[in-house]
Structures are given as structure tokens and as C-alpha cells.
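Heads up: the structure comes next, in C-alpha cells.
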Amino acid sequence: MTAGTVKTNISEFCHVPGMEVVLLDGADDGETYVSKKFSTIIGAQATVNENDPARPVSVSFSGQTATLRSTGLSDQDVCLTLFGRK
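Numbering-wise, numbering that gives the first Met the number 0 puts 50 at position 51 of the sequence shown, and it's gapless, one number per residue.
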């Protein structure tokens, strides 16, 4: 599993306690992201920016690491929203 490349840290523009939002650049199935804001992720949501309903994406998480899951996901931008605590 490789680490996702952050294209934009949306949290820098939206200061919501308990939430971190990042846009991952060219994400693939199995890529991981380690939260910069939380020591424990308690919820997560991922969406493909191309809004392809035929390519659903899910995210699993443990501790402060989130992992993208989507069959066929390859080199697409993904918006990852995390909810957690410090």
C-alpha cells in the first residue's frame, strides 16, 4: 500500500473542529492517508471527484490511518473527509 499524495488540504480553508478534509491526487485502490489532525479517526467518507456512480469508493480506517477501497480505482482524485479526535 502506498501513501496518497495530498493535492489540496481543504481543512486549511474550512476550520471545523473534529473534521479534516483533503483532496488526494491520482489515488489508487489500497492507498493510505495518515491524518495530520487526529490520533484516532472515528468516521470517514471518500468520494471520487469525477462523480462516477459506476465506481463507488469506500474507506476503512484504524487509528489515524485511512485506506481507500475501490475495485478499479486508478489515478483518480478522491476527496477524503475524516472525523476524529486528537
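Yeah, the Cβ is synthetic: ideal placement off N, Cα and C, and Gly gets one too. Given the structure is predicted, the values throughout are model-derived calculations rather than measurements.
Alpha carbon to alpha carbon, how far is Asp-74 from Thr-80? Give it in angstroms, no decimals. 19 Å
Kindly indicate which residue of Gly-71, Arg-84, Val-47 and Glu-49 has the alpha-carbon position closest to the one of Thr-64. Arg-84
Own chain, CB closer than 6 Å to Thr-66, minus 5 neighbours either side, in chain order: Thr-31 and Ser-59
Might you give, ordered along the chain, the residues of its own chain that have their beta carbon closer than 8 Å to the beta carbon of Arg-68, omitting 5 neighbours on each side? Asp-28, Gly-29, Val-56, Ser-57, Val-58 and Ser-59
Strand pairing of Arg-68, partner residues [DSSP]: Ser-57
What did DSSP end up calling Ser-33 once you bin it into helix, strand or coil? Here residue 33 is Val; the residue named in the question, Ser, does not match the sequence. Looking at Val-33 - three-state DSSP - the assignment turns out to be strand.
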